[in-house]
Amino acid sequence: MQINKIKTEIAEMLSDVFDGATIMVGGFGEAGSPIELLHGLIDHGAKDLTIIANNSGNGRVGLGALIGQKQVKKVICSFARSAKGITFQELYNKGEIELEVVPQGTLAERIRAAGSGIPAFYTATAVGTPLAIGKEEKIFNGKKYILEEALNADFALIKADVSDRYGNLTFKKTARNFNPIMCMAAKQSLIQVRKLIEPHQTNPENVITPGIFVKKIIEIDNPIIETNAIEEGMIYP
Amino acid sequence: MTKKNFTNAEKGWERGVIASKIANDLPHASYVNLGIGMPELVSQHIKDDREIIYHSENGLLGMGPTPNENEIDFDLINAGKKPVTILPGGSFCHHADSFSMIRGGHIDYCVLGAMEVSVNGDLANWSTGKGIPAVGGAMDLVAGAKNVFVMTQHLTKEGKPKLVEKCTLPLTGSGVVSRVYTDYAVIDITKEGFKIVEINENLSIEYLQTVTEGRVYQ
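Those protein sequence lines, which keep their order, are chains A and B. At position 48 of the first sequence the residue is numbered 60 (my numbering), and the sequence of numbers has no breaks. At position 108 of the second sequence the residue is numbered 288 (my numbering), and the sequence of numbers has no breaks.
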């Protein structure tokens, strides 16, 4: 019997998701944003989710749509402000969604730490700022640092470019961003890929995320492009 | 020296002039991160005697200029989420590696805008204290880059000094700024105060002092 992580239905990809889950959402802005999986999560209907992502969605597509459906109770991100970020802004202004602001590098490092079994680390980022309040300080070699804790997640929703059935992933250009480290930090990383290939076609030298960090894969060969979808007035569901 | 009062119609150095002063201070072979907005102008003023490599926080080293309309790729963007290009010799990496370039002290220079800079080098540039708080990579850049350059107008739109004794807005970093480039002057942050490196040829030091909180000296 062969290992095969490939699924054919988005519902199968998300079958273990539960209310109150912590879910990482890959991408930086729209580059690498797993829009089809996010729409699958809307169809799934899980509630009280905590989302870890760099941004908080645009328009009523993808993450913006999920937030608009009030399935998210908290967002942990570096930049929740965006001209098109209508759904988050609306809920935030009404006090109906929590926000934890994290400096982008600290966000990335907290995710990497989680995937590497490191519970916390010290960093100079945010020392002396409002984002350091309540955090343990320590001086190393005369310089002040604060303690930041790892960010674990139950699931990661990720868009990759190419995969084989083992989940050996490659990403396209700057659509790589948070995706490899989120695959490492989540208990289940769920991947939509543009193209599936046979294992003998995978060049081991080019694999960016090795399959050990991947749980399930689905091929979405012509994914939605957020900018175009918003321009066309797409609203999901 | 004669003191000259500026009206709104009569301003200091144009943005391009400020950008060229910064460009001239970036040494050959520097790895540089330019903030979104005004600092992006700096890349247009690099002279042919040097090669600068631009870093974008979202995992791009060797960033090139804006693409032509027919070359736009939504998977190739900069930290401002605008389409860009990659130059020969450029590379992609994931976010943690990209921020290791910043936090690990590998980026030689970053250039950012400012709302306030204090006399001891504190920077406030991420929050007015109102609206949705959003920090992005600014706190990482000021904490990690070897040199932090600020590019800003000397005064706010309301005509208040941006160079202050103590910041009133939420800080981005404490004691992090190396040098400030404004339309009025180029100023180093030193223990003795704001040290004038270069002053706008139309201005006196006395005038600069009146539009700057905190000690200015030459």
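Note that CB positions come from ideal geometry on N, CA and C, so glycine has one too. Bear in mind the structure is a predicted one, so any value in this text is a computation, not a measurement.
Could you check whether residue j and residue i sit closer than 8 Å to each other, using their CB atoms as the reference points?
{"i": "GLY38/A", "j": "LEU208/A", "result": "no"}
{"i": "TYR402/B", "j": "MET331/B", "result": "Outside the shown range of chain B (181 to 398) lies residue 402/B, about which nothing can therefore be said."}
{"i": "VAL84/A", "j": "TYR248/A", "result": "no"}
{"i": "LEU119/A", "j": "ASN191/A", "result": "no"}
{"i": "ALA209/B", "j": "ILE193/A", "result": "no"}
{"i": "TYR178/A", "j": "LYS17/A", "result": "yes"}
{"i": "GLY316/B", "j": "GLN116/A", "result": "yes"}
{"i": "ILE242/A", "j": "ASN70/A", "result": "yes"}
{"i": "ALA126/A", "j": "ASN180/A", "result": "no"}
{"i": "SER298/B", "j": "PHE329/B", "result": "no"}
{"i": "ILE158/A", "j": "ALA138/A", "result": "yes"}
{"i": "PRO245/B", "j": "GLY293/B", "result": "no"}
{"i": "GLU112/A", "j": "LYS96/A", "result": "no"}
{"i": "ILE233/B", "j": "GLY239/B", "result": "no"}
{"i": "LEU351/B", "j": "THR308/B", "result": "no"}
{"i": "GLU210/A", "j": "ASP173/A", "result": "no"}
{"i": "LYS342/B", "j": "HIS334/B", "result": "yes"}
{"i": "GLY32/A", "j": "ASP55/A", "result": "no"}
{"i": "ASN380/B", "j": "GLY192/B", "result": "yes"}
{"i": "LEU75/A", "j": "LEU50/A", "result": "yes"}
{"i": "MET36/A", "j": "ALA198/A", "result": "yes"}
{"i": "VAL396/B", "j": "LEU383/B", "result": "no"}
{"i": "PRO247/B", "j": "PRO268/B", "result": "no"}
{"i": "GLY41/A", "j": "LYS261/B", "result": "yes"}
For residue i, report the span of its beta strand (DSSP E) as first-last.
{"i": "ALA165/A", "result": "165 to 175"}
{"i": "VAL360/B", "result": "359 to 361"}
{"i": "PRO192/A", "result": "Taken as a continuous stretch (DSSP letters only), PRO192/A belongs to no beta strand (DSSP E), being part of the alpha helix (DSSP H) at 191 to 197."}
{"i": "GLY269/B", "result": "265 to 272"}
{"i": "MET36/A", "result": "34 to 37"}
{"i": "MET243/B", "result": "240 to 244"}
{"i": "PHE279/B", "result": "It is not in any beta strand (DSSP E) - PHE279/B instead sits in the alpha helix (DSSP H) that spans 275 to 283."}
So is residue i in contact with chain E if we call contact Cβ pairs under 8 Å?
{"i": "ASP363/B", "result": "The structure shown has no chain E; the protein chains it does contain are A and B."}
Let me check understanding here. Comparing Cα to Cα, which of the options lies closest to residue i?
{"i": "ASP28/A", "options": "LEU75/A, PRO46/A, ALA58/A and LEU163/A", "result": "ALA58/A"}
{"i": "GLU121/A", "options": "THR392/B, ILE282/B, LEU351/B and PHE374/B", "result": "ILE282/B"}
{"i": "HIS235/B", "options": "CYS273/B, ASN382/B and GLN224/B", "result": "CYS273/B"}
{"i": "ASP229/B", "options": "GLN389/B, PRO207/B and ALA259/B", "result": "PRO207/B"}
{"i": "VAL356/B", "options": "ALA304/B, ASN380/B and ASP255/B", "result": "ALA304/B"}
{"i": "GLY140/A", "options": "PRO313/B, ASP253/B, GLU386/B and ASP302/B", "result": "ASP302/B"}
{"i": "ARG188/A", "options": "GLU296/B, THR308/B and ASP255/B", "result": "ASP255/B"}
{"i": "ALA259/B", "options": "ASP363/B, LEU321/B, GLU296/B and PRO268/B", "result": "LEU321/B"}
{"i": "MET319/B", "options": "LYS337/B, GLU231/B and GLU237/B", "result": "GLU237/B"}
{"i": "ALA92/A", "options": "TRP306/B, GLY217/B, THR392/B and ILE252/B", "result": "TRP306/B"}
{"i": "THR221/A", "options": "GLY107/A, ILE22/A, LEU26/A and LEU202/A", "result": "LEU202/A"}
{"i": "ILE260/A", "options": "CYS89/A, GLY80/A and GLU148/A", "result": "Chain A is shown only over 13 to 249; residue 260/A falls outside these bounds and no answer can be derived."}
{"i": "THR390/B", "options": "ASP205/B, VAL344/B and GLU231/B", "result": "VAL344/B"}
{"i": "GLY324/B", "options": "ILE202/B, VAL212/B and ARG195/B", "result": "VAL212/B"}
{"i": "ILE372/B", "options": "VAL366/B, SER354/B, GLY394/B and ILE266/B", "result": "Per the sequence shown, the amino acid found at residue 372/B is Glu instead of Ile. Per the Cα distances, GLY394/B."}
{"i": "THR370/B", "options": "VAL291/B, HIS286/B, GLU296/B and GLN398/B", "result": "GLN398/B"}
{"i": "PHE133/A", "options": "LEU143/A, LYS147/A and PHE30/A", "result": "LYS147/A"}
{"i": "GLY311/B", "options": "ASN153/A, GLY107/A and ILE123/A", "result": "GLY107/A"}
{"i": "ASN204/B", "options": "HIS225/B, LEU221/B and GLY217/B", "result": "HIS225/B"}
{"i": "LYS227/B", "options": "ILE202/B, GLU251/B and VAL377/B", "result": "ILE202/B"}
{"i": "THR62/A", "options": "LEU53/A, ILE88/A and ILE47/A", "result": "ILE88/A"}
From what residue to what residue does the alpha helix (DSSP H) around residue i run?
{"i": "VAL322/B", "result": "318 to 324"}
{"i": "MET331/B", "result": "No alpha helix (DSSP H) contains MET331/B, which is instead part of the beta strand (DSSP E) from 327 to 331."}
{"i": "THR99/A", "result": "98 to 105"}
{"i": "TYR364/B", "result": "Where TYR364/B is concerned, there is no enclosing alpha helix (DSSP H), given that its DSSP letter is neither H nor E."}
{"i": "GLU160/A", "result": "From DSSP, GLU160/A is part of no alpha helix (DSSP H) but of the beta strand (DSSP E) over 155 to 161."}
{"i": "ILE47/A", "result": "47 to 56"}
{"i": "MET25/A", "result": "22 to 25"}
{"i": "ALA126/A", "result": "116 to 127"}
I believe residue i touches residue j by the beta-carbon criterion, under 8 Å. Please report the beta-carbon distance rounded to the nearest angstrom.
{"i": "CYS195/A", "j": "PHE167/A", "result": "Between PHE167/A and CYS195/A the Cβ distance is about 11 Å, and since that is not below 8 Å, they are no contact."}
{"i": "PRO235/A", "j": "LYS155/A", "result": "About 44 Å separates the two Cβ atoms, so there is no contact after all."}
{"i": "ILE198/B", "j": "ASP368/B", "result": "That pair is no contact at about 15 Å."}
{"i": "ASN218/A", "j": "THR182/A", "result": "6 Å"}
{"i": "ILE229/A", "j": "ILE22/A", "result": "Not confirmed; about 12 Å, so no contact."}
{"i": "GLU238/A", "j": "SER45/A", "result": "6 Å"}
{"i": "GLN213/A", "j": "ILE232/A", "result": "Between ILE232/A and GLN213/A the Cβ distance is about 19 Å, and since that is not below 8 Å, they are no contact."}
{"i": "LEU214/B", "j": "SER223/B", "result": "6 Å"}
{"i": "ALA77/A", "j": "THR186/A", "result": "23 Å between Cβ atoms; not a contact."}
Closer than 7 Å to a non-hydrogen atom of the ligand GTP - does that hold for the CB of residue i?
{"i": "PHE225/A", "result": "Looking for the ligand GTP in the displayed structure turns up nothing, as the structure carries no ligands at all."}
Please name the residues in the stretch 264 to 287 of chain B whose beta-carbon is closer than 9 Å to at least one beta-carbon of chain A, in chain order. Taking 9 Å as the Cβ-Cβ cut-off, the stretch 264 to 287 of chain B approaches chain A at VAL264, ILE266, PHE272, CYS273, HIS274, HIS275, ALA276, ASP277, SER278, PHE279, SER280, ILE282 and ARG283, given in chain order.
Would you list, in chain order, the members of the stretch 80 to 94 of chain A that have their beta-carbon closer than 9 Å to a beta-carbon of chain B? Answer set for the stretch 80 to 94 of chain A: CYS89, SER90, PHE91, ALA92, ARG93 and SER94.
Give me the subset of the stretch 127 to 149 of chain A whose CB atoms are less than 8 Å from a CB atom of chain B, sorted by chain position. Going along the stretch 127 to 149 of chain A in chain order, one finds THR135, ALA136, THR137, ALA138, VAL139, GLY140, THR141, PRO142 and LEU143 with a Cβ nearer than 8 Å to chain B.
Name the residues in the stretch 216 to 243 of chain B whose C-beta lies less than 9 Å from a C-beta of chain A; which are they? If you check each beta-carbon in the stretch 216 to 243 of chain B against every beta-carbon of chain A, the ones closer than 9 Å belong to SER236, GLU237, ASN238, GLY239 and LEU240.
Report the residues of the stretch 219 to 244 of chain A with a CB closer than 8 Å to any CB of chain B, ordered along the chain. Residues passing the 8 Å Cβ filter: ILE220, ILE237, GLU238 and THR239.
Beta carbons nearer than 8 Å to chain B: which residues of the stretch 184 to 205 of chain A have them? Under the 8 Å Cβ criterion, the stretch 184 to 205 of chain A contributes LYS184, LYS185, THR186, ALA187, ARG188, ASN189, PHE190, ASN191, PRO192 and ILE193.
What are the residues of the stretch 338 to 353 of chain B that lie near chain A, defined by any Cβ-Cβ distance shorter than 7 Å? Of all residues in the stretch 338 to 353 of chain B, PRO350, LEU351, THR352 and GLY353 have a Cβ within less than 7 Å of some Cβ in chain A.
Beta carbons nearer than 9 Å to chain B: which residues of the stretch 92 to 117 of chain A have them? Answer in chain order: ALA92, ARG93, SER94, GLY97, PHE100, GLN101, TYR104, ASN105, LEU111, VAL113, VAL114, PRO115, GLN116 and GLY117.
Residues in the stretch 306 to 320 of chain B with C-beta within 9 Å of chain A's C-beta atoms, listed in sequence order? Correct list: TRP306, SER307, GLY311, ILE312, PRO313, ALA314, VAL315, GLY316, GLY317, ALA318, MET319 and ASP320.
What residues in the stretch 34 to 50 of chain A bring their beta carbon closer than 7 Å to a beta carbon of chain B? The residues in question are PHE40, GLY41, GLU42 and ALA43.
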